[in-house]
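Report on the structure given below.
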Amino acid sequence: MAEFDPRLYGARWAEQYDEFHAGMMDDDGAVATLSELADGGPLLEFGVGTGRLAVPLAEKGHDVVGVDVSEEMLAQLTKKTDAVTTVVGDMTTVRIEREFAVAYIAFNSIFVLNTQQDQVDLFRNAAAHLRPGGRFVLETAVGATAKPGDTSRFKVFKVEADRLTVTAGVVDPVTQLYTGTWVVLEPNGTKFYPIGGRHVTHGEMDLMAQLAGLELEHRWSDWQRGEFTGNSTMHISVYRK
Ligand SMILES: C[S@@+](CC[C@H](N)C(=O)[O-])C[C@H]1O[C@@H](n2cnc3c(N)ncnc32)[C@H](O)[C@@H]1O
């Protein structure tokens with residue numbers, strides 16, 4: 011299965027991203043918890059996008075640096091504020107000559123990376139940017155592993171009088187690569203918003219963290235710090251250096 015080009019995401023999504031994702035995630039809960047974990051120290055976001063979390067964190071007075079591979083996504087962020095320091099770069103290799111209290115990656119963005127090695131490199135890069143005792147926080151859906159013979163995914167997301175929004179994709183059970191697209195069908199045409207990358211489970215993340223010299227401190231089912239159970243659909247994992 012073809013690997014996903016990371017720059018395609020921003021090129022297709024940037025203009026619609028905020029409207030499309032409004033209200034989908036607990037932004038206020040994320041900002042409150044990240045703010046508390048940073049305890050007044052600087053924060054670094056990988057895959058910052060249009061600044062869904064970085065902008066309100068900066069508006070609360072935090073020193074926030076946001077890295078993204080997409081200039082289109084960062085252009086949307088900088089329209090809102092100049093309080094976030096933005097860096098165009100790849101989250102697996104970017105180097106910012108500072109130490110942070112918290113590095114974080116939100117909204118499943120670890121899944122945009124195509125290989126296990128890239129994901130390990132992200133953990134290592136996050137650890138390299140943390141001061142001793144600093145934290146790496148991930149907000150992630152519980153990784154969708156493909157069952158044998160059941161590799162396709164399809165969901166009707168929203169039905170409106172003149173618009174149907176669906177999401178469709180396939181997971182490769184060998185590589186854990188997901189190749190998908192959101193499709194918006196309207197009377198005057200159809201638009202495609204591709205997504206893709208490698209799904210990874212929380213257990214595999216714990217091993218990646220160990221390789222990077224990080225230790226699991228918390229795993230919650232949401233930003234309200236609910237218990238993570240077999241029924242949880244997402245997790246907030248906090249690793250400590
Ligand atoms: C799902 S969006 C999340 C945006 C934002 N963090 C949020 O929570 O709304 C994923 C972001 O990761 C960026 N991205 C994809 N691959 C990347 C890479 N290798 N390095 C840095 N950013 C990347 C995309 O351009 C996009 O802005």
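Numbering (this note's numbering), first residue to last: 11 to 251. Positions of the beta carbon are idealized from the N, C-alpha and C atoms, including for glycine.
Using a Cβ-Cβ cut-off of 7 Å (strictly less than) and excluding sequence neighbours within five positions of Q129, which residues of its own chain qualify? To locate residue 129, count along the sequence shown from 1; it is residue 119. The residues are I120, L123, R208, V210, M218.
Would the C-beta of S80 count as close to ligand 1, meaning under 7 Å from any of its heavy atoms? For the purposes of this step, residue 80 is taken as residue 70 along the sequence shown, with counting starting at 1. Yes, Cβ of S80 sits closer than 7 Å to a heavy atom of ligand 1.
Quick one: what does DSSP say R105 is sitting in, helix, strand or coil? Sequence index remark: in the sequence shown, residue 105 carries index 95 (1-based). Coil, per DSSP.
My output table needs one value for E237: the three-state DSSP class, helix, strand or coil. Numbered from 1 along the sequence shown, position 227 holds the residue referred to as residue 237. Looking at E237 - three-state DSSP - the assignment turns out to be strand.
Which ranges does the alpha helix (DSSP H) cover as unbroken runs of at least 4 residues, wholly within the stretch 32-88, from first to last along the chain? With a minimum length of 4 residues, the continuous alpha helix (DSSP H) runs that stay inside the stretch 32-88 are 37-48, 64-69.
Which residue's Cα is closest to the Cα of F243: V98, E149, R173, A136? On the sequence shown, residue 243 is found 233 positions in, with the first residue counted as 1. Checking the displayed sequence, the identity of residue 243 turns out to be Thr instead of Phe. Considering only alpha carbons, the answer is E149.
List the endpoints of the continuous beta strand (DSSP E) containing F146. Position 136 of the sequence shown, counted from the first residue, corresponds to residue 146. Here the beta strand (DSSP E) through F146 covers 140-151.
Determine the burial state of R105: buried for a count of at least 16 other Cβ atoms within 10 Å of its Cβ, exposed for fewer. Counted from its first residue, the sequence shown places residue 105 at position 95. By the neighbour-count criterion, in which 16 or more other beta carbons inside 10 Å mark a residue as buried, R105 falls on the exposed side.
For V166, I'd like the list of residues in its chain whose CB is within less than 7 Å of its CB, leaving aside the five on either flank, ordered along the chain. The sequence position of residue 166 within the sequence shown is 156, counting from 1. By the criterion of a C-beta distance shorter than 7 Å, V166 is surrounded in its chain by V176, once the five residues flanking it on both sides are discounted.
Based on Cα-Cα distance, which residue from L140, D92, V58, A111 lies nearest to S80? The count along the sequence shown starts at 1 and reaches residue 80 at position 70. Looking at the Cα atoms, V58 is the closest of the given residues.
Helix, strand or coil at D232 [DSSP, three-state]: For the purposes of this step, residue 232 is identified with residue 222 of the sequence shown, where counting begins at 1. Looking at D232 - three-state DSSP - the assignment turns out to be coil, as it is neither helix nor strand.
So does the stretch 16-24 actually touch the stretch 78-95, counting three or more Cβ pairs closer than 8 Å? Touching, yes.
Can you find at least 3 beta carbon pairs, one from the stretch 217-235 and one from the stretch 195-206, that sit closer than 8 Å? The stretch 217-235 vs the stretch 195-206: no contact.
With distances taken from CA atoms, which of G144, F117, K90 is nearest E109? The residue you call residue 109 lines up with position 99 of the sequence shown. It is G144.
Quick one: what's M218 bridged to in DSSP? Taking the first residue of the sequence shown as 1, we reach residue 218 at position 208. Under the DSSP definition of a beta bridge, M218 lacks any partner.
Does at least one heavy atom of ligand 1 sit under 7 Å from the Cβ of D100? In the sequence shown, residue 100 corresponds to position 90, counting from 1. The answer is yes for D100.
Could you compute how far the alpha carbon of I246 sits from the alpha carbon of Q220? The count along the sequence shown starts at 1 and reaches residue 246 at position 236. The count along the sequence shown starts at 1 and reaches residue 220 at position 210. Between the alpha carbons of I246 and Q220 lies a gap of roughly 17 Å.
Quick check on V94: does DSSP put it in helix, strand or coil? Translated into the one-based positions of the sequence shown, residue 94 becomes position 84. In this structure, V94 counts as strand in the three-state DSSP scheme.
Any heavy atom of ligand 1 inside 7 Å of the beta-carbon of F146? If you number the sequence shown from 1, residue 146 lands on position 136. No, Cβ of F146 sits at least 7 Å from all heavy atoms of ligand 1.
Suppose you measure from the CA of T43 to the CA of G213; what does that come to, to the nearest Å? The residue labelled residue 43 in the question sits at position 33 within the sequence shown. The residue labelled residue 213 in the question sits at position 203 within the sequence shown. Using only the alpha carbons, I get a separation of about 23 Å.
Would you report the Cα separation of A48 and M35, rounded to the nearest angstrom? Looking up residue 48 in the sequence shown gives position 38. Looking up residue 35 in the sequence shown gives position 25. One C-alpha to the other measures close to 20 Å.
Pull up the CB-CB distance for A222 and F133, whole angstroms please, since I reckon it's below 8 Å. Taking the first residue of the sequence shown as position 1, residue 222 is located at position 212. Taking the first residue of the sequence shown as position 1, residue 133 is located at position 123. Yes, they are in contact, since the Cβ atoms of A222 and F133 sit about 4 Å apart, within 8 Å.
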